[in-house]
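**Student:** If you read the sequences in order, they're chains A and U. For the first sequence, my numbering puts the final residue at 355, and the numbers step up evenly by one. For the second sequence, my numbering puts the final residue at 355, and the numbers step up evenly by one. The C-beta atom is built at its ideal place from N, Cα and C for all residues, glycine as well. These numbers come from a predicted model, not from an experiment.
Protein chains: 2
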Amino acid sequence: MKKHITLIALLFLSLVVNSQIVYHDASAFPLLGKATQNTATRYERLPDSLKNISRKPLWDLGKNSAGLAVRFSSNSTTIAAKWEVLFNSEMNHMTPTGIKGLDLYCLQDGKWVFVNSGRPSGKVNTATIISNMEPQEREYLLYLPLYDGVTSLAIGVDSLSEISQPKVDLPVRKKPLVFYGTSILQGGCASRPGMAHTNILSRWLNREAINLGFSGNGQLDLEIAKVIAAVDASMYILDFVPNATVAQMKERADQFYTIIRSRHPETPILFIEDPIFTHTRFNKVIAKEVKEKNETINAFFLSLKNRGEKNIYFLSSKNMIGSDGEATVDGIHFTDLGFMRYAELLYPVIRKRMK
Amino acid sequence: MKKHITLIALLFLSLVVNSQIVYHDASAFPLLGKATQNTATRYERLPDSLKNISRKPLWDLGKNSAGLAVRFSSNSTTIAAKWEVLFNSEMNHMTPTGIKGLDLYCLQDGKWVFVNSGRPSGKVNTATIISNMEPQEREYLLYLPLYDGVTSLAIGVDSLSEISQPKVDLPVRKKPLVFYGTSILQGGCASRPGMAHTNILSRWLNREAINLGFSGNGQLDLEIAKVIAAVDASMYILDFVPNATVAQMKERADQFYTIIRSRHPETPILFIEDPIFTHTRFNKVIAKEVKEKNETINAFFLSLKNRGEKNIYFLSSKNMIGSDGEATVDGIHFTDLGFMRYAELLYPVIRKRMK
Numbered sequence: 001m002k003k004h005i006t007l008i009a010l011l012f013l014s015l016v017v018n019s020q021i022v023y024h025d026a027s028a029f030p031l032l033g034k035a036t037q038n039t040a041t042r043y044e045r046l047p048d049s050l051k052n053i054s055r056k057p058l059w060d061l062g063k064n065s066a067g068l069a070v071r072f073s074s075n076s077t078t079i080a081a082k083w084e085v086l087f088n089s090e091m092n093h094m095t096p097t098g099i100k101g102l103d104l105y106c107l108q109d110g111k112w113v114f115v116n117s118g119r120p121s122g123k124v125n126t127a128t129i130i131s132n133m134e135p136q137e138r139e140y141l142l143y144l145p146l147y148d149g150v151t152s153l154a155i156g157v158d159s160l161s162e163i164s165q166p167k168v169d170l171p172v173r174k175k176p177l178v179f180y181g182t183s184i185l186q187g188g189c190a191s192r193p194g195m196a197h198t199n200i201l202s203r204w205l206n207r208e209a210i211n212l213g214f215s216g217n218g219q220l221d222l223e224i225a226k227v228i229a230a231v232d233a234s235m236y237i238l239d240f241v242p243n244a245t246v247a248q249m250k251e252r253a254d255q256f257y258t259i260i261r262s263r264h265p266e267t268p269i270l271f272i273e274d275p276i277f278t279h280t281r282f283n284k285v286i287a288k289e290v291k292e293k294n295e296t297i298n299a300f301f302l303s304l305k306n307r308g309e310k311n312i313y314f315l316s317s318k319n320m321i322g323s324d325g326e327a328t329v330d331g332i333h334f335t336d337l338g339f340m341r342y343a344e345l346l347y348p349v350i351r352k353r354m355k
Numbered sequence: 001m002k003k004h005i006t007l008i009a010l011l012f013l014s015l016v017v018n019s020q021i022v023y024h025d026a027s028a029f030p031l032l033g034k035a036t037q038n039t040a041t042r043y044e045r046l047p048d049s050l051k052n053i054s055r056k057p058l059w060d061l062g063k064n065s066a067g068l069a070v071r072f073s074s075n076s077t078t079i080a081a082k083w084e085v086l087f088n089s090e091m092n093h094m095t096p097t098g099i100k101g102l103d104l105y106c107l108q109d110g111k112w113v114f115v116n117s118g119r120p121s122g123k124v125n126t127a128t129i130i131s132n133m134e135p136q137e138r139e140y141l142l143y144l145p146l147y148d149g150v151t152s153l154a155i156g157v158d159s160l161s162e163i164s165q166p167k168v169d170l171p172v173r174k175k176p177l178v179f180y181g182t183s184i185l186q187g188g189c190a191s192r193p194g195m196a197h198t199n200i201l202s203r204w205l206n207r208e209a210i211n212l213g214f215s216g217n218g219q220l221d222l223e224i225a226k227v228i229a230a231v232d233a234s235m236y237i238l239d240f241v242p243n244a245t246v247a248q249m250k251e252r253a254d255q256f257y258t259i260i261r262s263r264h265p266e267t268p269i270l271f272i273e274d275p276i277f278t279h280t281r282f283n284k285v286i287a288k289e290v291k292e293k294n295e296t297i298n299a300f301f302l303s304l305k306n307r308g309e310k311n312i313y314f315l316s317s318k319n320m321i322g323s324d325g326e327a328t329v330d331g332i333h334f335t336d337l338g339f340m341r342y343a344e345l346l347y348p349v350i351r352k353r354m355k
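1. According to DSSP, is Y147/U helix, strand or coil?
2. Does any residue of chain A bring its CB to less than 8 angstroms from the CB of P348/U?
3. At a Cβ threshold of 8 angstroms, is L144/A touching chain U?
4. Can a CB atom of chain A be found closer than 8 angstroms to the CB of V329/U?
5. Rounded to a whole number of angstroms, what is the C-alpha to C-alpha distance between F339/U and F114/U?
6. For S317/U, which residues of its own chain have a beta-carbon under 8 angstroms away from its beta-carbon, when the five flanking residues on both sides are left out?
7. Report, in whole angstroms, the separation of the C-beta atoms of G218/A and L170/A, which I expect to be a contact under 8 angstroms.
8. Take the Cβ of P265/U as the centre, count every other Cβ of all protein chains shown within 10 Å, and call the residue buried at 16 or more, exposed below.
9. Determine the chain A residues that contact H279/U at a beta-carbon separation under 9 angstroms, and present them in chain order.
10. Evaluate contact between the segment 49 to 58 of chain A and the segment 178 to 195 of chain A, counting only Cβ atoms and requiring at least three cross-stretch pairs below 8 angstroms.
11. Just the chain U side, please: which residues come within less than 9 angstroms of S121/A by C-beta, in chain order?
12. Return the residues of the segment 296 to 326 of chain A that lie within a Cβ-Cβ distance of less than 9 angstroms from chain U, sorted by chain order.
13. Please look up how many angstroms separate the CB atoms of A343/A and L201/A, rounded, as I've assumed it's under 8 angstroms.
14. Tell me, please, whether the CB atom of L337/U is closer than 8 angstroms to any CB atom in chain A?
15. Which residues does DSSP pair with D103/U in a beta bridge?
16. Looking at chain A, is there any beta carbon in it that lies within less than 8 angstroms of the beta carbon of V96/U?
17. Nearest to I130/U by alpha carbon, out of A28/U, Y140/U, V124/U, K123/U?
18. For R192/A and N64/A, I'd like the C-alpha separation in whole angstroms.
19. When the cut-off is 8 angstroms and only beta carbons count, does K293/U lie next to chain A?
20. Do three or more CB pairs link the segment 48 to 55 of chain U to the segment 70 to 78 of chain A at distances below 8 angstroms?
21. Mapping DSSP to helix, strand and coil, what is F240/A?
22. Within 8 angstroms of any Cβ in chain U, is that where the Cβ of S202/A sits?
23. In this structure, does DSSP put A229/A in helix, strand or coil?
24. Measuring CA to CA, which of Y347/A, P166/A, C106/A, N38/A is closest to N283/U?
25. Thinking C-beta only, is L220/U closer than 8 angstroms to R263/U?
26. So with Cβ pairs under 8 angstroms, would you call K284/A a contact of chain U?
27. Is the shortest distance between the beta-carbon of R351/U and the beta-carbons of chain B less than 8 angstroms?
28. Since T126/A is in the beta strand (DSSP E), which residue starts that stretch and which ends it?
29. With 16 other CB atoms within 10 Å as the buried threshold, where does T372/A fall?
30. Can you check the segment 246 to 321 of chain U for any alpha helix (DSSP H) of at least 4 residues that lies completely inside it and give the ranges in chain order?
31. Quick check on R192/U - is its C-beta less than 8 angstroms from some C-beta in chain A?
32. Say whether chain U places a C-beta atom closer than 8 angstroms to the C-beta of S65/A.
33. Beta carbon of H197/A, beta carbon of R119/U: below 8 angstroms?
34. Return helix, strand or coil for I163/U, following the three-state DSSP convention.
35. So, does the segment 84 to 101 of chain A touch the segment 149 to 156 of chain A, judging by three or more C-beta pairs under 8 angstroms?
36. Can you tell me the Cβ-Cβ gap for S234/A and I163/A, rounded? I've got them flagged as a contact below 8 angstroms.
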């Protein structure tokens with residue numbers, strides 16, 4: 001009888017121990033998606049040297065962790081996370097999960113598959129992302145928040161399991177894709193971080209992607225061109241037209257381009273038109289603005305071609321996010337439907353041209 | 001000189017007056033999407049008679065305005081709205097615009113086209129939905145919040161324009177579609193109200209749709225079957241499996257069906273399987289639960305067929321929301337990508353069978 005009780009107690013104890021989650025600081029694992037390692041803290045995007053150089057809103061947006069992702073492997077049956085965000089941002093047209101949540105993918109047969117999101121509760125967060133898995137070794141990619149910063153991150157696994165360095169070098173980190181742009185490029189308004197098109201394309205192409213999207217501030221600031229040029233990329237995708245004014249493009253687009261091109265004479269550079277925002281069917285002022293901006297970027301691209309620039313490409317925004325008008329939340333910012341359509345448009349263009 | 005000044009002043013005055021927005025109570029215009037007119041207040045879904053009969057969470061969810069929409073026409077250059085919500089709900093996996101915002105569509109060449117959303121700021125809201133339109137007569141459909149109630153709603157138009165009753169009887173109100181189900185059916189987690197699949201299908205089929213989705217509470221409560229049976233529908237779509245337990249289905253599915261069928265011997269009734277939630281690739285407990293539920297609903301459908309029931313149909317959840325695993329925000333609830341895919345799957349099935 002006493003033996004039985006001891007056995008049952010031991011079994012119970014083993015279950016309890018196994019169901020305990022132990023947290024490991026994510027700083028032990030590779031971080032993808034940074035243009036530079038010279039940042040003030042780990043999970044931010046702009047070099048510390050720009051602190052007193054960049055405009056304040058642009059500098060602050062550099063602290064948003066859009067496009068950053070942690071790579072690890074584990075045989076745990078549960079994956080959890082604890083994280084603290086910097087601003088505790090809120091927006092009425094984006095989910096808190098997209099703004100300040102996490103998003104976990106797993107490598108299966110060479111493809112990255114959505115596991116689940118880590119849903120936030122506020123500034124300090126704990127979430128079980130997935131549980132009840134079979135205890136087998138898996139490769140993971142954990143995307144960080146799109147519209148907030150991360151001041152600390154720990155990954156939780158079963159106490160009896162292991163978390164370790166990735167065993168597979170995917171996505172390929174050599175010659176990443178570098179994307180520059182606006183609020184849309186930063187991931188507004190994906191439902192979860194993995195659905196920003198830069199993250200979708202990184203998975204589909206299995207190549208690291210660097211997201212230099214700055215909400216409202218993709219205005220061709222020349223110090224950002226220098227940050228871009230410091231990366232030995234497979235392709236530079238310049239997607240700034242929604243934020244840059246006609247005057248800014250006329251004044252700075254050539255300098256911005258030249259800063260990148262002078263360091264990388266052969267690397268493909270893709271320019272993208274302003275999307276035909278869905279509400280331009282109705283709002284005639286915005287329709288006119290989009291038309292004028294697209295005339296400007298077309299004329300600029302033609303001028304580059306005319307002076308003999310090579311390895312430059314142009315993507316029209318025709319049917320960029322479909323023709324049914326349904327792919328935005330507010331006429332402008334893409335939903336997951338819009339990001340999926342945009343990724344489908346960009347995928348063959350980038351795959352064909354990237355180094 | 002004096003004449004000129006007077007003229008300029010008059011022109012200026014006309015501009016100022018024209019740019020003033022005048023609000024009109026929406027109760028003057030048709031409200032689509034209600035199963036019953038016997039509600040305590042205008043913008044709720046369940047008859048007042050169920051107040052002390054239905055379970056409390058179910059009753060409260062009846063106050064969410066999912067699927068309700070106001071029809072009007074106007075020649076205004078701007079459409080604005082003032083609205084107050086009942087609960088001021090928040091969720092971390094859905095946008096505030098989807099939860100408690102508005103969503104405006106316009107009829108163009110017989111098709112409903114997204115104009116823009118009305119984004120909420122809290123309990124009491126004012127939003128300009130669209131501006132800078134040409135001043136021409138248009139037909140509008142304004143969707144109400146999916147996960148909150150509406151206690152008041154007024155539509156704003158230019159002071160010199162008109163707002164009036166719809167001139168066109170679209171969507172067709174005779175023989176609406178009636179949908180019964182869960183949080184997903186209620187629209188979780190569309191980015192804006194128009195992207196719930198019941199609303200998408202209503203636009204595509206140009207038929208009024210009634211949304212009887214109750215988050216977490218699509219549990220075959222028999223009084224809801226009576227509410228459904230009171231509607232002379234073109235089709236009944238029963239999509240409860242994500243919420244109903246195996247035991248509840250075994251106990252009540254037949255009674256639930258019979259309440260509807262006995263009043264409508266000929267009307268098509270469609271049963272839908274549990275979606276294969278994207279996280280079931282990893283979470284083996286949920287995978288088993290989905291499998292058992294789908295075995296139960298399949299067996300129930302077969303039993304109906306075997307006893308000679310007519311005009312009943314069954315939709316498998318195979319590839320319901322695609323095969324890439326990307327269509328949910330949390331493994332369960334559909335994003336706009338998921339709702340679009342689900343609507344594309346359901347559209348031909350309903351179009352073929354509906355009366």
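**Tutor:** On the basis of the coordinates in this document:
1. Within the second sequence, the letter at position 147 stands for residue 147/U. DSSP, read as helix, strand or coil, puts Y147/U in coil.
2. On the second sequence, residue 348/U is found 348 positions in, with the first residue counted as 1. Taking Cβ atoms only, chain A never reaches closer than 8 angstroms to P348/U, which makes this a no.
3. Taking the first sequence and counting its residues from 1, one reaches residue 144/A at position 144. Not one chain U Cβ lies under 8 angstroms of L144/A.
4. Numbered from its first residue, the second sequence carries residue 329/U at position 329. Interface annotation, V329/U: in contact with chain A, CB-CB separation under 8 angstroms.
5. Within the second sequence, residue 339/U is the residue found at index 339, counting from 1. Within the second sequence, residue 114/U is the residue found at index 114, counting from 1. Take the alpha-carbon of F339/U and the one of F114/U: they are about 15 angstroms apart.
6. What you label residue 317/U is simply residue 317 of the second sequence in a count that begins at 1. Within the same chain, S317/U has close Cβ partners I272, E273, D274, P275, I276, N294.
7. Here residue 218/A corresponds to residue number 218 of the first sequence, with the count starting at 1. Here residue 170/A corresponds to residue number 170 of the first sequence, with the count starting at 1. A Cβ-Cβ distance of about 29 angstroms is found for the pair G218/A and L170/A, leaving them out of contact under the 8 angstroms criterion.
8. The residue given as residue 265/U occupies position 265 in the second sequence. Residue burial is scored here from C-beta neighbours: P265/U has fewer than 16 other C-beta atoms within 10 angstroms and is therefore classed as exposed.
9. Looking up residue 279/U in the second sequence gives position 279. The answer, in chain order, is F114, V115, N116, I130.
10. No contact exists between the segment 49 to 58 of chain A and the segment 178 to 195 of chain A.
11. Walking along the first sequence from the start, residue 121/A turns up at place 121. Those are N92, listed as they occur along chain U.
12. Taking 9 angstroms as the Cβ-Cβ cut-off against chain U, the residues of the segment 296 to 326 of chain A that qualify are D324, G325, E326.
13. If you number the first sequence from 1, residue 343/A lands on position 343. If you number the first sequence from 1, residue 201/A lands on position 201. Right, the Cβ-Cβ distance comes to about 5 angstroms (below 8 angstroms), so this counts as a contact.
14. If you number the second sequence from 1, residue 337/U lands on position 337. Contacts with chain A at 8 angstroms (Cβ-Cβ) include L337/U.
15. Numbered from its first residue, the second sequence carries residue 103/U at position 103. D103/U pairs with S117/U, Y143/U.
16. Numbered from 1 along the second sequence, position 96 holds the residue referred to as residue 96/U. Checking the displayed sequence, the identity of residue 96/U turns out to be Pro instead of Val. Answer yes: the Cβ-Cβ gap between P96/U and chain A drops below 8 angstroms somewhere.
17. Residue mapping note: residue 130/U aligns to position 130 of the second sequence, counting from 1. Closest option to I130/U, Cα to Cα, is Y140/U.
18. Taking the first sequence and counting its residues from 1, one reaches residue 192/A at position 192. Taking the first sequence and counting its residues from 1, one reaches residue 64/A at position 64. Distance from the CA of R192/A to the CA of N64/A, rounded to the nearest whole angstrom, comes to 14 angstroms.
19. Within the second sequence, the letter at position 293 stands for residue 293/U. Chain A, which has no Cβ nearer than 8 angstroms to the Cβ of K293/U, makes this no.
20. Not touching, per the Cβ criterion.
21. Residue mapping note: residue 240/A aligns to position 240 of the first sequence, counting from 1. Look at F240/A here: in three-state DSSP terms it is coil, with no helix or strand label.
22. On the first sequence, position 202 is the one that residue 202/A refers to. At a cut-off of 8 angstroms between beta-carbon atoms, S202/A makes no contact with chain U.
23. As a working mapping, residue 229/A is identified with position 229 in the first sequence. The answer is helix: DSSP assigns A229/A an H, G or I state.
24. Here residue 283/U is taken as the residue at index 283 of the second sequence, counted from 1. For the residues Y347/A, P166/A, C106/A, N38/A, the minimum Cα distance to N283/U belongs to C106/A.
25. To locate residue 263/U, count along the second sequence from 1; it is residue 263. To locate residue 220/U, count along the second sequence from 1; it is residue 220. No, the Cβ-Cβ distance between R263/U and L220/U is not below 8 angstroms.
26. Locating residue 284/A in the first sequence gives position 284, counting from the first residue. It does: the Cβ of K284/A has a partner Cβ on chain U nearer than 8 angstroms.
27. In the structure shown, chain B cannot be found, because the protein chains are A and U.
28. The residue you call residue 126/A lines up with position 126 of the first sequence. Counting along the chain, the beta strand (DSSP E) containing T126/A begins and ends at 124 to 130.
29. In this structure chain A extends from 1 to 355, so residue 372/A is not present and cannot be described.
30. As summarised for the segment 246 to 321 of chain U, the continuous alpha helix (DSSP H) elements at least 4 residues long and confined to that stretch are 246 to 263, 284 to 306, given in chain order.
31. Against the second sequence, residue 192/U aligns to sequence position 192. Taking Cβ atoms only, chain A reaches closer than 8 angstroms to R192/U, which makes this a yes.
32. To locate residue 65/A, count along the first sequence from 1; it is residue 65. No, its Cβ sits nowhere closer than 8 angstroms to a Cβ of chain U.
33. Within the first sequence, numbered from 1, the residue matching residue 197/A stands at position 197. Within the second sequence, numbered from 1, the residue matching residue 119/U stands at position 119. R119/U is positioned such that its CB atom lies no closer than 8 angstroms to that of H197/A.
34. Translated into the one-based positions of the second sequence, residue 163/U becomes position 163. Reduced to three states, the DSSP call for I163/U is strand.
35. Result yes; three or more Cβ-Cβ pairs closer than 8 angstroms.
36. Position 234 of the first sequence, counted from the start, is the residue given in the question as residue 234/A. Position 163 of the first sequence, counted from the start, is the residue given in the question as residue 163/A. Beta-carbon to beta-carbon, S234/A and I163/A are separated by about 30 angstroms, too far to satisfy the 8 angstroms threshold.
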